[in-house]
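If you read the sequence shown in the working numbering, its first letter stands for residue -12, the second for the next number, and so on.
Glycine is no exception: its CB is placed at the ideal position from the N, C-alpha and C atoms.
Small disclaimer: the values here were computed from a predicted structure and weren't measured.
Since the structure comes first, as structure tokens, the remarks are kept for the end.
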Amino acid sequence: MKTQDLPETALFHGLSQEEVHWALSALDAHRYAFTKDQLLAQAGQCVSHLGLVLSGCVHIEHLDVWGSKTLLGQATEGDLFAETYACLPQEPLLVNVTAATDGEVLFLSAAPLLEPGNAPCLQHMAQNLLQISARKNLGLARRNLYTAPKTIRERVMTYFSALAIKNGSLDFILPFDRQQLADFLGVDRSALSSTLSRMQRDGLLTLNRRTVELHTTPEGL
């Protein structure tokens, strides 16, 4: 993503090219290229800059002291990460941010966005940031909905149903691979694979790698 494309992102939406260039200077912006599996931010650290993904994909993960990993979400081109912590620089990160692919990120200082009486373009960006944070909070609430059911089958059905509604179709592409899906739903990968196989045999869905087709009526009935 080039500088002239930044107004297409949620954070810079509504700004002119001149305002974008001014904001980049005011927010101490700097680009950083990353490689797959690189740790961009580590739990326990305090950060003052939020990340805007310019290319590639990063995963937001929680790793407990026993090594169990939970995938909380991902950020792709145009998405933000660590924005809440950047606005609360005294609060240590509770998550790791790990590169899922090669890519590039734009780091921006959050402090100028929070200063009273700042420039109009920064006030506008602060409003955009509030909306982004609200959407993410809604996303976390949805994830709690997916992981609330006790059985793996119920978790899969709840999540797949939500994806179908979001895409407006019973056919959709999963945003995660099998291990990432297991981490996201908080289940064991082998158990998840067994559950998906049984659901296919029961005629509830057809799964081809990441491509899913849901059947509202089990096949053969």
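Non-local beta-carbon contacts of Asp158 in its own chain, meaning distances under 6 Å to residues more than five positions away in sequence, involve Glu200 in chain order. In the three-state reduction of the DSSP assignment, Arg196 falls in the coil class. In the three-state scheme derived from DSSP, where H, G and I count as helix and E and B as strand, Phe147 is classed as helix. Distances from the CA of Asn83 to each of Arg130, Gly126, Asn195, Leu58 were compared; the closest alpha carbon is that of Leu58.
Each of Leu95, Arg130, Gln166 was checked against the Cα of Ala178, and the nearest Cα belongs to Gln166. Between Leu14 and Ser96, the C-beta gap is smaller than 7 Å, which places the two residues in contact.
Shown here for Leu67: same chain residues with a beta carbon closer than 7 Å to its own, the five before and five after excluded, namely Leu(-2), Leu37, Gly38, Leu39, Ile119 in chain order. In this structure, the straight-line span from the alpha carbon of Met144 to that of Asp175 is close to 16 Å.
A Cβ-Cβ separation of about 18 Å leaves Glu91 out of contact with Ala10 under the 8 Å criterion. In this structure the region 48 to 55 does not lie against the region 95 to 115, because fewer than three pairs of beta carbons, one per stretch, are closer than 8 Å.
For the set Cys108, Ser42, Leu80, Leu100, the Cα lying nearest the Cα of Glu5 is the one of Cys108.
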